[in-house]
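When you line the sequence shown up against numbering that gives the first Met the number 0, it's residues 0 to 327, in that order. Every residue gets a Cβ at the ideal spot worked out from N, C-alpha and C, and that includes glycine.
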Amino acid sequence: MNATTIRIYELLAETPHWQSGEQLGHALGISRGAVAKHVGQLRERGCVIEAVSRRGYRFVSAPDAPEAFAVVPLLTTRVLGRHLIYLDETDWTNREAARLAQAGAAEGTVVVAAAQTAGRGRFQRHWHSQPGLNLTFSLLLRPSLEPARIPQLPILAAAALLPALDRVFGDTPSKLAIKWPNDILADGRKLCGILCECETEADLVHHIILGIGINVNSRRFPVDLRETATSLALETGRSTALAPLLADILNSFEPLYLQWCGISDLAPFLPLLMSRSHLRGRDLAISGAAGTLHGRFSRILPDGRLEIEAPEGLTTVHSGDVTLKGTP
0 MNATTIRIYE LLAETPHWQS GEQLGHALGI SRGAVAKHVG QLRERGCVIE
50 AVSRRGYRFV SAPDAPEAFA VVPLLTTRVL GRHLIYLDET DWTNREAARL
100 AQAGAAEGTV VVAAAQTAGR GRFQRHWHSQ PGLNLTFSLL LRPSLEPARI
150 PQLPILAAAA LLPALDRVFG DTPSKLAIKW PNDILADGRK LCGILCECET
200 EADLVHHIIL GIGINVNSRR FPVDLRETAT SLALETGRST ALAPLLADIL
250 NSFEPLYLQW CGISDLAPFL PLLMSRSHLR GRDLAISGAA GTLHGRFSRI
300 LPDGRLEIEA PEGLTTVHSG DVTLKGTP
């Protein structure tokens, strides 16, 4: 969807009054026929727009979908989300974003889908999401940095997502916490997952795909997830509009991302990461390729590693599957 169609949506949606094709065309420097074409594209995407001869057009409603025409006008970003591709269905937004990256798509491109047929998280785990109810999207990033810093990015993303998700709770204190390295939990149950994939060469990062899945309006989960997953709807008791939420997330993430690109580590973000860590004061089991390590959470280091108090002393972990002692 191009910028002209998005701008027509903005002009129509900002007022309940009729606007003629001539008025809209004059505002955008296009013909009335071109206006009609763009209005037709919006209607094809589910917008209800009335059209009456000699009166013009009047906006009635739009679907609750994070489409470009609904998200882009809400952005304050310079880069992220300025090119947004909405798909009714795809195999996996990370895979689609990687295809676009190979074709030369610009940094900040966002791929968002109503439904995924093969979405997954870390360790090849299937990501369950009911079509049209949640946010499943991927960001294409092209930072100039050393590949060794890439594992910091999911942690940074969690720090950026947290304030945006907090705002959904309004005046009610949220129970959200970050589970190192890539999850956001609500009262101990998974609300959001983050997966980072990349293409690198020696000391060069070609691109990074940051995939994010957020349970927004789902109220029912498969039997095997009911004890471990939750959603914003279940936590707040109300539905959340997807387009404003996606815009708020991108607006929150960009300044942190740009700041991070200009420094060497996560040091400025550690106060938030530590204060909202789900692991603070907990005994942990961390499973990885070399086996399982046991210890008590100590801190998150500036380079993103997890430091724990193991029986043999302080030790650090680069990655792994973390569980709390006494939980499955």
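Note that the C-beta distance between Ile-5 and Pro-72 is below 9 Å. Judged by DSSP in its simplified three-state form, Gly-169 adopts coil rather than helix or strand. The beta carbon of Pro-301 is closer than 7 Å to those of Asp-264, Leu-265, Ala-266 and Leu-269 in its chain, skipping five residues each way along the sequence. For secondary structure counted as the alpha helix (DSSP H) over 4 or more consecutive residues, the stretch 228-302 holds these complete runs in sequence order: 231-235, 241-260 and 269-274. The DSSP-derived three-state label of Ala-33 is helix. Pairing Gly-107 with Gly-80 gives a Cβ-Cβ distance under 9 Å. Val-111 sits close to Ser-137, with the two beta carbons spaced by under 9 Å. The stretch 214-229 and the stretch 180-190 touch, with three or more beta-carbon pairs separated by less than 8 Å. Separation of Val-38 and Ser-173 (C-alpha to C-alpha, rounded to the nearest whole angstrom) is 40 Å.
Under the three-state reduction of DSSP, Glu-9 is assigned to helix. When the beta-carbon positions are compared, Asn-181 and Pro-153 come within less than 9 Å of each other. Check the Cα spacing between Asn-133 and each of Ile-248, Phe-296, Val-59 and Asn-216: the tightest is with Asn-216.
DSSP places Asp-320 in the strand class (E or B) of the three-state scheme. Cα atoms of Gly-294 and Ala-12: separation of roughly 55 Å, rounded to the nearest angstrom. Contact between Leu-323 and Ile-177 does not hold, since their C-beta atoms are separated by about 14 Å, which reaches or exceeds 8 Å. By the CB criterion at 9 Å, Ile-208 and Ala-288 fall outside the cutoff. Counting other Cβ atoms within 10 Å of its Cβ, Leu-244 reaches 16 or more and is therefore classed as buried.
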